[in-house]
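**Q** Structure below; questions to follow.
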Amino acid sequence: MSTHTQSPAGNNAAPFDGWSSVLRESVKEVFSLMVGAEIMVPDHADPPVVTEVTGMVGLAGELCGVLSLRCGNGCATKIASRMLGVPISEAASHMSDAIGEICNMVAGNFKAKLNGMQDKCMLSVPTIITGGDYQLFSVAVADRIELPFLFDGDAVWIGLEIRA
Amino acid sequence: MSIRALIVDDSSVMRKIVERCLRQAGMDLGQVHEASNGAEALALVNENPFDLILSDINMPVMDGLEFIRHLKEMESGKNIPIVMITTEGGEKSVLEALSLGAKGYIRKPFTPDQVKDHVIPVLGSQS
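Printed below as a string of structure tokens:
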């Protein structure tokens, strides 16, 4: 996937300082509690970006943007397998549902951790894209957070585009 | 006697996780029924006696708040305790669900113990 953004406000806007750590904590909690497995922050180099499955949830209201999760098919299936407690062979058909729920819970957990944001921001129904040959265009993006993780050795990238 | 439970969520994965949490919490569950929205759930309530309903809020067709409104108007549904399980854990959503008759509220992500802590008192209050 490639991303093109018109960003009048530029990156690293001051109001979003500290949100990376909040988002990282939100992701780790969701995986620990709902997937039943720890998701790791890479020690050294960032893992490669593998975009075979993309989950997205929109945020609207005082906090406006898109939260995304990108990973490979195998990783998405492993996540579904762990969530459901079923073998990998039975989990493939639940992959999209599982990734959508992860996005939904990460977005919900993230906004719950932002002081006063819980009632001022609504979440959309999750959207899942399978395949990586697409481009995502966003307008009026004020900031973007991209966080790498490793799930059972596979790369998982969590993104948050915040709109001005 | 086994608990007859209905789990309402548009995510089949989440329905399975909720059921697993109930079982991990040591609850004696009988057959667990599932519905993917409020309208499906109302149809099941018409046909089956339930001791407990756990429901999401954000669902297509009929959301969880609308579901409670209809449920509380039904002779067969008005006394079934309902606990909401949702990512929308804001004060406004909490108050609205409780004012409509929900007995409790669990925010995703959750642990089996959190589910148990919210569900056991609700079941106890019905006896």
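Taken in order, these protein sequences are the chains called A and B.
Take 1 as the starting number for the first sequence in my numbering and just add one per residue.
Take 1001 as the starting number for the second sequence in my numbering and just add one per residue.
All C-beta atoms in this analysis are idealised placements derived from N, C-alpha and C, irrespective of residue type, glycine included.
No experiment lies behind these values; they were computed from the predicted model shown.
Need the endpoints of the beta strand (DSSP E) that L69/A sits in, please.
**A** 65-71
**Q** Please confirm whether L59/A has its beta-carbon closer than 7 Å to some beta-carbon of chain B.
**A** no
**Q** Would you list, in chain order, the members of the region 83-95 of chain A that have their beta-carbon closer than 7 Å to a beta-carbon of chain B?
**A** Along the region 83-95 of chain A, the positions whose C-beta sits under 7 Å from a C-beta of chain B are M83, L84, G85, H94, read in chain order.
**Q** Just to confirm my understanding: we take G1030/B, look at its own chain, exclude 5 residues before and 5 after, and list those with CB closer than 6 Å. What are they?
**A** These residues qualify, in order along the chain: S1002, R1004.
**Q** If the cut is a Cβ gap below 8 Å, which residues of chain B does A37/A touch?
**A** Result: empty, since nearest Cβ-Cβ is about 13 Å, beyond 8 Å.
**Q** If we count Cβ pairs, one from each stretch, closer than 8 Å, do we get three or more for the region 99-117 of chain A versus the region 17-33 of chain A?
**A** yes
**Q** Residues in the same chain with beta-carbon distance under 6 Å from I158/A, minus the five sequence neighbours each way, listed in chain order, please.
**A** Cβ within range, chain order: V27, L69, L147.
**Q** Give the residues of chain B in contact with E25/A, contact being defined as C-beta atoms less than 9 Å apart.
**A** Those within 9 Å of E25/A in chain B number zero; the least Cβ separation is about 12 Å.
**Q** Are the Cβ atoms of I1057/B and M1084/B separated by less than 7 Å?
**A** yes
**Q** Pairing CB atoms from the region 1003-1017 of chain B with CB atoms from the region 82-100 of chain A, are three or more of them under 8 Å?
**A** yes
**Q** Give the straight-line distance between the Cα atoms of C103/A and V1061/B, rounded to the nearest whole angstrom.
**A** 21 Å
**Q** Considering only C-alpha positions, which residue in the set H1118/B, S1076/B, K1108/B, K1072/B is nearest to V30/A?
**A** K1108/B
**Q** Taking M1014/B as the query, report the chain A residues whose CB atoms sit under 7 Å from its CB, ordered along the chain.
**A** Neighbours of M1014/B in chain A, taken as residues whose beta carbon is under 7 Å from its own, are E101 in chain order.
**Q** Pick from M105/A, L33/A, E101/A: whose alpha carbon is nearest that of I128/A?
**A** If we check each option's Cα against that of I128/A, E101/A comes out closest.
**Q** Can you give me the Cβ contacts of Q6/A inside the same chain, cut-off strictly under 6 Å, excluding the 5 residues immediately before and after it?
**A** Residue confidence is low: Q6/A scores 34 on pLDDT, short of 50, so the model does not pin down where it sits. Its coordinate-derived value is still stated next. V139.
**Q** If you measure from the beta carbon of G108/A to each beta carbon in chain B, is any gap under 7 Å?
**A** yes
**Q** Between the alpha carbons of I1106/B and P42/A, how many angstroms are there, rounded?
**A** 32 Å
**Q** Return the Cβ separation of R1082/B and K1103/B in integer angstroms, given the expectation that the two are a contact with Cβ distance under 8 Å.
**A** In the sequence as presented, Arg is not what sits at residue 1082/B; that position holds Ile. The pair is a contact, with the Cβ atoms about 6 Å apart (cut-off 8 Å).
**Q** Per DSSP, H1033/B is paired with what?
**A** L1006/B
**Q** Comparing the C-beta of G29/A with each C-beta of chain B, is any distance below 7 Å?
**A** Note on residue identity: the sequence assigns Glu, not Gly, to residue 29/A. It does; some Cβ of chain B falls within 7 Å.
**Q** Starting from R1020/B, find everything on chain A with Cβ-Cβ shorter than 9 Å and list it in chain order.
**A** Scanning chain A for C-beta atoms nearer than 9 Å to the C-beta of R1020/B yields L84, G85, reported in chain order.
**Q** Which of the three DSSP states is assigned to T77/A in this structure?
**A** helix
**Q** With DSSP as the reference, please indicate the residues paired to T127/A in a beta bridge.
**A** Partner residues in the beta bridge of T127/A, as assigned by DSSP, are M56/A.
**Q** Can you tell me which residues form a DSSP beta bridge with S21/A?
**A** Paired residue(s): none; S21/A is not in a bridge.
**Q** For V156/A, list the residues DSSP reports as bridge partners.
**A** C71/A, F149/A
**Q** Taking the DSSP output, what are the residues bridged to T1086/B?
**A** R1107/B
**Q** Q1024/B lies in the alpha helix (DSSP H); which residues open and close that run?
**A** 1012-1024
**Q** With which residues is D143/A paired in a DSSP beta bridge?
**A** I162/A
**Q** To the nearest angstrom, how far is it from the Cα of I79/A to the Cα of H44/A?
**A** 23 Å
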